[in-house]
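Reading through the structure tokens given below for one structure.
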Amino acid sequence: MQNSWQPKPGDRIFRPRRIRRFRLRRVLGVPALFSAGYGNVGSSIYYALGIVALVAMGATPIALGVAGILFIFTALTYAEGTAMLPEAGGSASFARYGFNNAMGFTAGWALMLSYIVTISISAYTIPPYLGFFWEPFKASPAAGTVTSMAIVLLLMVVNVVGVKETSIINIGAAILDIVTQVSLVVIGFILIFSPALVWNRITDNWPTAENLILGIALATIAYTGIETMSQMAEETKQPEKRVPQALILMIITVLVLFAGISLVSLSAMTPQQLASEWSRDPVAGIAANLPLAILRDVLKPLIAILAGTILLIATNSGIMGISRLAFSMGSNRLQPAILGRVHHRFKTPYVSIILFSVIAIVLLLPGFFTTDVFESMGALYAFGALLAFMFAHASILSLRIRQPDMHRPFKLRWNLKTRGYELPISSIIGLVSTAVIWVIILMTQPYSRWVGIVWMAVGLIIYYFFRRKLQASSTPPGEATPSAEVSQ
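Using numbering that gives the first Met the number 0, read the sequence shown as starting at 0 and increasing by one per residue.
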């Protein structure tokens, strides 16, 4: 029956308000992507070098080198995945497309753990380096902790205001840091590097097989950070090209600088000194052991600036990464949609930025009572990051099988052909090696094992009850709501 009703003068007509959802602005290029990723990767050398030396001793450069090869495989996997799926989410998005929503949430929840720890550790280690300029930053736990909290709070506000502003900070800080690191490596090679001395210190202090494997596992901490670049794909201009370019640039830069610093460190000090006296600040140990007093006097403040700068980038990158991850997961209904809410003016995921920054600040509270807050968190950081890497490798392999004809702007070569499918060898090696290293950390690091397991269990419980509530929803769970592009 045809409806012949027509409105009459004076009738009130109710029209439901349409809620417009926003996407993040695409404003980033290769420099901004590189600097954000380098902030996470480059910062870890300030504590990873000492941590690895504790178990790998003379084989510290070897452990970092082997972990660097695994880093290459992982970065290549992210290059294909991000170019193929240019949206915020990283390995969580890969797993959602490659497997299902539950796998996507699991990968994302593991990433959140590593991001939160990154924010806290990076912010907490800034004041001790700045203690060169003002002693209470290093000597007073209260002053250092308050400063760390203030740093997180400041970066939270900057990130809420807009990604363009934080990108400028990242680019400038990354340039300054790379120039300083290159200068230190060049000076070290000219003045103190001795191949014979390094070889003797490696062979005379060679670890057991068990410690070498554990050293390689811990060395992966130095290369976790590529997720940040993948998370920012939705804010990148031409992400199918720019993200792979930024990843390849970071691979080259990081491997060269880390190799140089690790070799110079064994020329400047013995493995025992590196693992004890200079375990927390190995780069400062290099500067302190240079033969010329004038260089030592010049490099000490430069190292303080270097460390503070790169750790500031890492703190900022952690906030950017976890907020974009929460935006993606909320938009795809893997967790409460409020976490994906975008500010009407600044077009940034302000709810997730504020929430996770506050959690990171809470994790800094023990700093008022002890100076060893971050020592037990290195393995916890690796727990979440390596688990996410496993999902990334597995998802790329799964997509090669389930969706072989999917458009891949950056497709990995050197494939294993089986049953008509092309499986990238780099992803296969990356998956197996990352899984082995993750199991080693799980077996040998009690703190990260139990905290990590509890974190994942809590997340899965939240996911289960949240998805149950979505069963009555009119929109199928996991189906992304169409959104409008605000600005390019």
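Even glycine gets a Cβ: it sits at the ideal position worked out from N, Cα and C.
- prompt: Quick one: what's got a C-beta closer than 8 angstroms to LEU248's C-beta in the same chain, skipping five residues either side?
  reply: VAL29 and PHE33
message: Less than 7 angstroms between the C-beta atoms of THR59 and VAL65, yes or no?
response: no
query: Smallest Cα separation from MET455: which of GLY41, ALA82, ALA109 and TYR77?
result: ALA109
query: Looking only at DSSP bridge pairs, what is LEU422 linked to?
result: LEU415
- prompt: When DSSP labels each residue in this structure, what does GLY67 get in the three-state scheme?
  reply: helix
message: Taking a contact to mean a Cβ-Cβ separation below 7 angstroms, would you say ALA378 touches GLN444 in this structure?
response: yes
- prompt: To the nearest angstrom, how far is it from the Cα of PHE72 to the Cα of GLY429?
  reply: 6 angstroms
field: alpha helix (DSSP H) segment containing GLN272, residue limits
entry: 270-274
query: What's the gap between the Cα of THR275 and the Cα of LEU53?
result: Sequence inspection shows Ser at residue 275; the Thr mentioned does not correspond to that position. Looking at the two C-alpha atoms, the distance is approximately 8 angstroms.
Three-state secondary structure assigned by DSSP to THR76: helix
- prompt: Who are the Cβ neighbours of GLY36 in its own chain at under 8 angstroms, not counting the five residues just before and after it?
  reply: GLY224, ILE225, THR227, MET228, ALA245, LEU246, MET249 and SER316
query: How would you label MET132, buried or exposed, when you count the other beta carbons within 10 angstroms and need 16 or more for buried?
result: According to the sequence displayed, residue 132 carries Phe and not Met. That one is exposed.
query: Shortest alpha-carbon distance to ILE115 belongs to which of PHE345, SER351, GLY80 and GLY419?
result: SER351
- request: Go ahead and pull the three-state DSSP assignment for THR124.
  value: coil
- prompt: What residue from ASP280, SER113 and PRO206 has the CA that sits closest to GLY320's CA?
  reply: SER113
query: Of the choices THR76, ILE201, VAL178 and THR347, whose alpha-carbon is the least far from that of GLU233?
result: THR347
Length of the line joining the Cα atoms of ALA434 and LEU396: 15 angstroms
Under 7 angstroms between C-beta atoms of THR76 and HIS392: yes
query: To which residues of the same chain is LEU69 closer than 6 angstroms at the C-beta, ignoring the five residues directly before and after it?
result: SER432
- prompt: Does the Cβ of PHE368 have 16 or more other Cβ atoms within 10 Å, making it buried, or fewer, making it exposed?
  reply: exposed
field: Nearest candidate by alpha-carbon position, reference ALA142, set MET155, TYR96, PRO127 and LEU338
entry: PRO127
message: Would GLY161 and PHE355 qualify as a contact pair, given that the criterion is a beta-carbon distance under 7 angstroms?
response: no
message: Could you tell me the alpha carbon to alpha carbon distance between ALA122 and VAL145, rounded to whole angstroms?
response: 10 angstroms
- prompt: Where does ASP404 fall in DSSP's three states?
  reply: coil
- prompt: Three-state secondary structure (DSSP) at ARG16?
  reply: Unreliable placement is indicated for ARG16, whose pLDDT of 44 sits below 50; no coordinate value is reported for it.
query: From THR200 to SER193, what does the alpha carbon distance come to, in whole angstroms?
result: According to the sequence displayed, residue 200 carries Arg and not Thr. Rounded to whole angstroms, ARG200 to SER193 spans 11 angstroms at the Cα level.
query: Between LEU265 and the rest of its own chain, which residues show a CB-CB distance below 8 angstroms, the 5 nearest in sequence each way excluded?
result: GLY57, THR59, PRO60, LEU196, VAL197, ARG200, ILE201 and LEU273
message: Judging by CA-CA distance, which residue of ILE461, TRP437, TYR462 and ARG401 is the nearest neighbour of GLY451?
response: TRP437
task: Indicate the three-state DSSP secondary structure (helix, strand or coil) for SER139 in the structure shown.
output: coil
message: Whole angstroms are fine: how far does the CA of PRO243 sit from the CA of ALA78?
response: 5 angstroms
task: Starting from ASP280, trace the alpha helix (DSSP H) both ways and give me its first and last residue.
output: It is not in any alpha helix (DSSP H) - ASP280 carries neither H nor E in the DSSP assignment.
- prompt: Looking at C-alpha atoms only, which residue of ALA172, SER147 and SER182 is the closest neighbour of ILE120?
  reply: SER147
- prompt: Any idea if GLN180 is buried or exposed, counting beta-carbon neighbours within 10 angstroms, 16 or more meaning buried?
  reply: buried
query: Between the C-alpha atoms of PHE93 and ARG399, what's the straight-line distance to the nearest angstrom?
result: 12 angstroms
query: Applying the criterion that 16 or more other CB atoms from any shown protein chain within 10 Å of the CB defines a buried residue, is GLY418 buried or exposed?
result: Per the sequence shown, the amino acid found at residue 418 is Arg instead of Gly. It counts as exposed.
- prompt: Under the three-state reduction of DSSP, which class applies to GLN444: helix, strand or coil?
  reply: coil
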